[in-house]
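Note sheet for the following structure.
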Amino acid sequence: MEVTGRVKMVDQTKEVGSSGFKKRDIVVTTDEQYPQHILVQFVQDKCDLLNNFQVGDNVKVDINLRGREWTNPQGETVYFNTIQGWR
């Protein structure tokens, strides 16, 4: 899958937790009748792929949809989705 549009925001790389996990976000605004602001997350070594992206650039980002299941301390199952960029 892919997202095509104009770069609205490129965040800095952030380290999460004590394991050194790295993530970096970009927001791509689609060019359609009702533009969507799509948050795409890059992780680990893929964070550097965003170094040459500037606000206003037209881009095509290859993505995977990621889904996770988590059971909270109250025993309720919660689901999370992430759009993860890889190229």
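My numbering numbers the first residue of the sequence shown as 119 and each following residue consecutively. All C-beta atoms, glycine included, are put in the ideal place defined by N, C-alpha and C. Given the structure is predicted, the values throughout are model-derived calculations rather than measurements.
Report yes if the CB atom of residue i is closer than 9 Å to the CB atom of residue j, and no otherwise.
i, j, result
"proline 153", "glycine 193", "no"
"valine 161", "arginine 142", "yes"
"lysine 140", "valine 146", "no"
"valine 121", "isoleucine 181", "yes"
"tryptophan 188", "tyrosine 197", "yes"
"arginine 184", "asparagine 199", "yes"
"isoleucine 144", "phenylalanine 171", "yes"
First and last residue of the beta strand (DSSP E) that includes residue i?
i, result
"aspartate 143", "139-147"
"glutamate 194", "Looking at the DSSP string, glutamate 194 is not in any beta strand (DSSP E), and its letter there is neither H nor E."
"arginine 124", "120-128"
"valine 173", "Where valine 173 is concerned, there is no enclosing beta strand (DSSP E), given that its DSSP letter is neither H nor E."
"lysine 164", "First-last for lysine 164: undefined, no H or E at that position."
Could you check what DSSP says for residue i in three-state terms: helix, strand or coil?
i, result
"aspartate 180", "strand"
"glutamine 154", "coil"
"arginine 186", "strand"
Can you tell me whether residue i sits near the ligand ZN, meaning its C-beta is under 8 Å from at least one heavy atom of the ligand?
i, result
"asparagine 199", "Ligands are entirely absent from the displayed structure, and the ligand ZN is therefore not among its contents."
What are the partner residues of residue i, as DSSP defines its beta bridges?
i, result
"glycine 203", "Ile181"
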